[in-house]
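Presented below is the structure to which this report refers.
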Amino acid sequence: MDGLNGSVVSEFVLLGLSGSWETKHFLLAFSTVFYLTIILGNILVVFTVTFDPHLHSPMYFLLANLSFIDLCFSTLAVPKMIHDLYSGHRTISFQGCVIQIFVLHVLGGSEMVLLVAMALDRYVAICKPLHYLTIMSPRMCSLLLSGAWLIGIIHSVIQLAFVVHLPFCGPNEIDSFYCDLPWFIKLACSDTYSMEFMVTANSGFISLGTFFLLIISYILILFSVWKRPSGGLSKALSTLSAHISVVVLFFGPCIFVYMWPFPTVPVDKFLAIVDFLITPILNPAIYTMRNKDMKRAMRRLTSQLLGMKEENLQITYRCSCSTF
Numbered sequence: 301m302d303g304l305n306g307s308v309v310s311e312f313v314l315l316g317l318s319g320s321w322e323t324k325h326f327l328l329a330f331s332t333v334f335y336l337t338i339i340l341g342n343i344l345v346v347f348t349v350t351f352d353p354h355l356h357s358p359m360y361f362l363l364a365n366l367s368f369i370d371l372c373f374s375t376l377a378v379p380k381m382i383h384d385l386y387s388g389h390r391t392i393s394f395q396g397c398v399i400q401i402f403v404l405h406v407l408g409g410s411e412m413v414l415l416v417a418m419a420l421d422r423y424v425a426i427c428k429p430l431h432y433l434t435i436m437s438p439r440m441c442s443l444l445l446s447g448a449w450l451i452g453i454i455h456s457v458i459q460l461a462f463v464v465h466l467p468f469c470g471p472n473e474i475d476s477f478y479c480d481l482p483w484f485i486k487l488a489c490s491d492t493y494s495m496e497f498m499v500t501a502n503s504g505f506i507s508l509g510t511f512f513l514l515i516i517s518y519i520l521i522l523f524s525v526w527k528r529p530s531g532g533l534s535k536a537l538s539t540l541s542a543h544i545s546v547v548v549l550f551f552g553p554c555i556f557v558y559m560w561p562f563p564t565v566p567v568d569k570f571l572a573i574v575d576f577l578i579t580p581i582l583n584p585a586i587y588t589m590r591n592k593d594m595k596r597a598m599r600r601l602t603s604q605l606l607g608m609k610e611e612n613l614q615i616t617y618r619c620s621c622s623t624f
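Here it is as structure tokens:
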């Protein structure tokens with residue numbers, strides 16, 4: 301028998317988003333353009349924060365890691381989807397499906413915790429500005445980031461430990477463009493009620509709980525600013541609106557998919573497009589286009605790169621002239 305669990309199923313067929321050729325061509329162009337934008341946008345954020353000393357602060361440290369996770373999250377499924385749309389070869393091995401599920405939940409769990417860390421950072425910056433650098437020290441930022449990855453790994457391992465040994469004897473068609481637990485468990489040949497409850501409790505309630513925790517934290521920040529005689533509510537609203545937009549876009553599909561995962565509905569796979577293609581683009585756009593420091597840093601980085609290119613061209617020109 302093949303597969304990690306001794307089942308007869310050795311691969312799964314990903315049905316994708318649509319069977320229409322016109323829709324497939326549109327999705328191929330749409331996903332390719334958006335994925336290239338995701339790569340460029342998030343790498344630009346990571347490079348800008350890394351190489352510009354003006355951005356070596358807790359907020360931008362967390363932002364760069366959010367961009368890195370978004371880039372990995374999108375890369376996990378979108379290139380495979382693009383390949384399947386182009387080639388028509390839509391299979392994935394049993395082992396590949398399990399690995400995709402594992403990495404998906406590691407990244408998803410890590411991003412949830414990282415968004416909480418970013419909310420904590422904004423709370424300290426707005427409500428306790430005099431103690432900001434003391435509380436959000438480099439050590440604290442490293443602990444928050446390590447905790448995010450550790451919680452993501454634990455979250456993913458707990459789920460897979462229960463489902464990876466389920467028997468799979470057919471059918472093997474997954475009605476989506478990537479592997480995830482709701483579709484994976486649905487294909488098992490045994491009673492999966494306990495597994496369904498575990499997924500709902502683990503992913504669904506964690507997503508919902510984290511979402512409400514973040515919303516409550518933003519309300520507390522706004523209430524704290526509103527009570528101040530000096531005002532500043534409009535600035536806080538402007539700052540937090542970006543965070544709230546990202547939180548809603550990220551958690552909305554997660555809550556819908558995992559709170560009522562069985563039976564899955566066709567809209568689930570289209571909602572996944574938001575997490576894989578829309579949110580990873582909006583994150584760098586929201587956090588950079590509305591941030592003066594980031595825009596200035598990007599201009600400095602661009603100027604430096606253009607200056608280095610011009611200097612290299614001049615050196616090449618002088619060397620070529622000296623040979624004559």
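Counting from 1 along the sequence shown, just add 300 to a position and that's the residue number in the numbering used here. Glycine included, C-beta positions come from ideal geometry on N, C-alpha and C.
Skipping 5 residues on each side, what residues in its chain have a beta carbon closer than 7 Å to that of residue 369? Within the same chain, residue 369 has close Cβ partners 407, 410, 411, 414.
Distance check for residue 372 and residue 312, CA to CA, integer angstroms please. Taking the straight line joining both Cα atoms gives about 23 Å.
To which residues of the same chain is residue 577 closer than 6 Å at the C-beta, ignoring the five residues directly before and after it? Apart from sequence neighbours up to five positions away, the residues of its chain that approach residue 577 with a beta-carbon distance below 6 Å are 334, ordered along the chain.
Could you tell me whether the segment 381 to 393 touches the segment 317 to 332, where touching means 3 or more Cβ pairs closer than 8 Å? Judged by Cβ distances under 8 Å, the segment 381 to 393 makes contact with the segment 317 to 332, as three or more pairs qualify.
Going by the beta-carbon positions, is the gap between residue 444 and residue 417 smaller than 7 Å? For residue 444 and residue 417, yes; Cβs fall inside 7 Å.
Three-state class that DSSP yields for residue 357 in the structure shown: In the structure shown, residue 357 sits in coil (DSSP, three-state: anything other than H, G, I, E or B).
Determine the contact status of residue 338 and residue 374, defining contact as a CB-CB distance below 7 Å. Taking 7 Å as the cut-off, the Cβ atoms of residue 338 and residue 374 count as close.
Integer Cβ distance of residue 466 from residue 490, believed to fall under 8 Å: The C-beta distance from residue 466 to residue 490 rounds to 6 Å, short enough to fall under 8 Å.
Consult DSSP for residue 308 and reduce its assignment to one of helix, strand or coil. The answer is coil: DSSP assigns residue 308 none of H, G, I, E or B.
Tell me whether the beta-carbon of residue 364 lies closer than 7 Å to the beta-carbon of residue 378. Using a Cβ distance threshold of 7 Å, residue 364 and residue 378 do not count as a contacting pair.
Based on the DSSP output, what are the partners of residue 314 in its beta bridges? Paired residue(s): 474.
Rounded to whole angstroms, what's the CA-CA distance from residue 405 to residue 453? Just pull it up for me. Taking the straight line joining both Cα atoms gives about 8 Å.
Taking DSSP as the reference, what is the three-state secondary structure of residue 437? Looking at residue 437 - three-state DSSP - the assignment turns out to be coil, as it is neither helix nor strand.
Range covered by the alpha helix (DSSP H) that runs through residue 401: Segment 394 to 427, the alpha helix (DSSP H) holding residue 401.
From this set, 513, 524, 492, 392, which residue's C-alpha is nearest residue 428's C-alpha? Checked all of 513, 524, 492, 392; the closest Cα to residue 428 is 524.
With three or more C-beta pairs closer than 8 Å as the rule, is the segment 506 to 521 touching the segment 471 to 481? Touching, no.
Option nearest residue 603 by Cα separation, candidates 493, 422, 485, 352: Comparing Cα-Cα distances from residue 603 to each of 493, 422, 485, 352, the minimum goes to 352.
When 359, 473, 552, 423 are compared against residue 579, the one with the closest alpha-carbon: Taking each of 359, 473, 552, 423 in turn and checking the Cα distance to residue 579, the smallest one comes out for 552.
Going by Cα to Cα distance, which pick from 308, 424, 601 is closest to residue 358? Among 308, 424, 601, the Cα nearest to that of residue 358 is on 424.
Using the Cβ count rule (16 or more neighbours within 10 Å means buried), how would you classify residue 526? Result: exposed.
Residue 336 - containing alpha helix (DSSP H), residue span: Where residue 336 is concerned, the enclosing alpha helix (DSSP H) stretches over 321 to 351.
Taking the continuous alpha helix (DSSP H) assigned at residue 490, which residues delimit it? Careful: residue 490 lies outside any alpha helix (DSSP H) and carries neither H nor E.
Please report the distance separating the alpha-carbon of residue 488 from that of residue 388. When only Cα atoms are considered, residue 488 and residue 388 end up about 25 Å apart.
Give the C-beta separation of residue 315 and residue 475 to the nearest angstrom, bearing in mind that I take them to be a contact with Cβ-Cβ under 8 Å. Their Cβ separation, rounded to whole angstroms, is 5 Å, which keeps residue 315 and residue 475 in contact under 8 Å.
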